[in-house]
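Engineer: Residue numbers (the working numbering): 6 to 120. For glycine and all other residues, C-beta sits at the position ideal for the given N, C-alpha and C. These numbers come from a predicted model, not from an experiment.
(1) Taking Cβ positions, are residue 122 and residue 68 nearer each other than 8 Å?
(2) Which stretch, first to last residue, makes up the alpha helix (DSSP H) that contains residue 57?
(3) Would the region 28-48 count as touching the region 63-83 if we require 3 or more Cβ pairs under 8 Å?
(4) What's the call for residue 116, buried or exposed, on a 16-neighbour Cβ count within 10 Å?
(5) Look at the alpha carbon of residue 89 and the alpha carbon of residue 100, and state the distance between them as a whole number of angstroms.
(6) Are there 16 or more other CB atoms within 10 angstroms of the CB of residue 29, so buried, or fewer, so exposed?
(7) Let's see if you can read the secondary structure: which residues bound the alpha helix (DSSP H) around residue 45?
(8) With a Cβ-Cβ cutoff of 8 Å, do residue 56 and residue 44 count as a contact?
(9) With a cut-off of 8 Å on the beta carbons, I'd call residue 64 and residue 41 a contact; round off their distance for me.
Shown next, in the form of C-alpha cells:
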C-alpha cells in the first residue's frame, strides 16, 4: 500500500533536471541585461547612437545570439518535459546531469558560431 506523502516529495525528481537549463536561460538573460541594455537605454534617452559602429554591430550580434540561445533552451526544456511525462524509461536513461550540461554547452556554442 502506498503511503500518503506531501506532493513535493513525489515531484523532487521531476524538478532536478530543468534546473540546469533554467540556470542557463537565466544566465543568458543576465548577459543581455548587462551587455546590451545600457547601450540601448543610452540611445533611447539621447535619441541617437552614442557608441561607435563596431559597438553597434557587436550589440546586434550579442542580442541575436542570446535570443536564439534562449529559444533553444526553451525547446530543449520542452523535449525534456515530453520525455519525462510520456517516456519515463527513456528519460531516466538519457537525461542525466552530464548530458544536460553537454547539450546546453553545445547548443550555446552552436548558436554563437552559426550566427
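Structural biologist: Looking at the atomic coordinates:
(1) Residue 122 lies beyond the residue range present for the chain, which begins at 6 and ends at 120; the question has no answer from this structure.
(2) Where residue 57 is concerned, there is no enclosing alpha helix (DSSP H), given that its DSSP letter is neither H nor E.
(3) Counting C-beta pairs closer than 8 Å gives three or more between the region 28-48 and the region 63-83, which meets the contact rule.
(4) Looking at its Cβ environment, which holds 16 or more other Cβ atoms inside 10 Å, residue 116 is buried.
(5) Between the alpha carbons of residue 89 and residue 100 lies a distance of about 9 Å.
(6) Classification of residue 29: buried, given that the 10 Å Cβ count is 16 or more.
(7) Its alpha helix (DSSP H) spans residues 42-51.
(8) Going by C-beta atoms, residue 56 is nearer than 8 Å to residue 44.
(9) About 5 Å separates the CB atoms of residue 64 and residue 41; that is less than 8 Å, so the two are in contact.
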